[in-house]
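The block underneath contains the structure these notes are about, expressed in structure tokens.
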Amino acid sequence: MKLFVISLLSGIISGMGIGGGSILIPSLVLLTNINQQQAQGINLIVFIPVSIVALIIHFKENNIDLKSTKWIIPPGILGALFGSIVAVKTNPDNLRKYFAVFLFFIGVYEFFKKDRPS
Amino acid sequence: MYTRHLKLIIIGIITGFINGIFGSGGGMLIVPALTFLIGLQDYKAHATAISIILPLTAISTVIYLKNNIIKLNIAIIVGIGAIIGSFIGAKILKKVPVPWLRKIFGGLIIYTAIRMMLL
Chain H
263 MKLFVISLLS GIISGMGIGG GSILIPSLVL LTNINQQQAQ GINLIVFIPV
313 SIVALIIHFK ENNIDLKSTK WIIPPGILGA LFGSIVAVKT NPDNLRKYFA
363 VFLFFIGVYE FFKKDRPS
Chain B
5 MYTRHLKLII IGIITGFING IFGSGGGMLI VPALTFLIGL QDYKAHATAI
55 SIILPLTAIS TVIYLKNNII KLNIAIIVGI GAIIGSFIGA KILKKVPVPW
105 LRKIFGGLII YTAIRMMLL
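Going line by line, the protein sequences match chains H and B.
Under the working numbering, the first residue of the first sequence carries the number 263, and numbering increases by one thereafter.
Under the working numbering, the first residue of the second sequence carries the number 5, and numbering increases by one thereafter.
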């Protein structure tokens, strides 16, 4: 039940376009007995079905800049392989601390970000 | 090879690495990178970001799965909650003051980050 409430709230936040993983991962780590790696893994796998739906809509509306994607995705895959291997091999307590530093910067960025009128 | 291509390659490597090591945050990096460095419009940057993060996330998910890190029974509960939540979020988006909410969220994230460091 607690899990469901956490997921629902982080889903609401991400539906409003304010980073979902940055709420879901810390909530799972701080409020349940799920460790850092497991929380990250859950965030990754959950992103897949949610984003496929969004992607189909964007693709139909021609919003995707394919000129950029073909240059970003191949090096991105290399980076993803390397990053994930580092993540699974790092001690969970250390990984949580590195994540916390990254999260701190996200918080500062969100706090000072100006919303442009759309 | 143009400077634009080099920029895109570097954006790709960094985004993939961060998204893999932290299991999140790729979109947080790539949307500003696409708008400020490449000059894409906001809505195009968001759509393009998803099309990039999806394959990167799929690769990372495979690595995490192979190392038995993902508990699928928990992932299913979280997935259902997140999907319902994101529909609600998108629906109430026009009724809430997002800039104001962003400040609260930013503050909450900073507090959470400090707690995670001290845990």
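Glycine included, C-beta positions come from ideal geometry on N, C-alpha and C.
Exercise. Return the residues of the segment 330-341 of chain H that lie within a Cβ-Cβ distance of less than 8 Å from chain B, sorted by chain order.
Key: S330, T331, W333, I334, I335, P336, P337, G338, I339, L340 and G341
Exercise. Enumerate in chain order the residues of its own chain whose CB-to-CB distance from H/P288 is below 7 Å, with the five nearest sequence positions on each side excluded.
Key: L365
Exercise. Spell out a yes or no on whether the segment 277-296 of chain H and the segment 38-47 of chain B are touching, meaning 3 or more CB-CB pairs, one atom from each, closer than 8 Å.
Key: no
Exercise. Please go through the same chain and pick out, in chain order, the residues whose beta-carbon is closer than 6 Å to the beta-carbon of H/F361, but skip the five residues on each side of it.
Key: none
Quiz item: Under a Cβ-count criterion, where at least 16 other Cβ atoms within 10 Å of its own Cβ denotes burial, should H/F374 be classed as buried or exposed?
Solution: exposed
Quiz item: Is H/K322 close to chain B, meaning its C-beta is less than 7 Å from at least one C-beta of that chain?
Solution: no
Self-check item: Outcome for H/E372 when other beta-carbon atoms lying within 10 angstroms are tallied against a minimum of 16
Solution: buried
Quiz item: Name the chain H residues that come within less than 8 Å of B/T7, Cβ to Cβ?
Solution: The contacting residues do not exist; B/T7 stays about 12 Å from chain H at best.
Self-check item: Local conformation of B/V100 per DSSP, three classes
Solution: coil
Quiz item: B/K48 versus chain H: which residues are under 7 Å apart at the beta carbon?
Solution: N325 and D327
Quiz item: In terms of residues, what are the limits of the alpha helix (DSSP H) holding H/S276?
Solution: K264 to G277
Quiz item: Between which two residues does the alpha helix (DSSP H) harbouring B/I73 extend?
Solution: Note, B/I73: premise wrong, no alpha helix (DSSP H); not H, not E.
Quiz prompt | B/I96 classed as buried or exposed, judged by whether at least 16 other C-beta atoms fall within 10 angstroms | solution = exposed
Quiz item: Quick one, are the C-beta atoms of B/T61 and H/F321 less than 7 Å apart?
Solution: no
Self-check item: Given 8 Å, three or more beta-carbon pairs between the segment 325-344 of chain H and the segment 47-57 of chain B
Solution: yes
Quiz item: B/K107 versus chain H: which residues are under 7 Å apart at the beta carbon?
Solution: F373
Quiz item: Would a check of beta-carbon distances place B/G16 closer than 7 Å to chain H?
Solution: yes
Quiz prompt | Where the alpha helix (DSSP H) through B/L123 begins and ends | solution = Where B/L123 is concerned, there is no enclosing alpha helix (DSSP H), given that its DSSP letter is neither H nor E.
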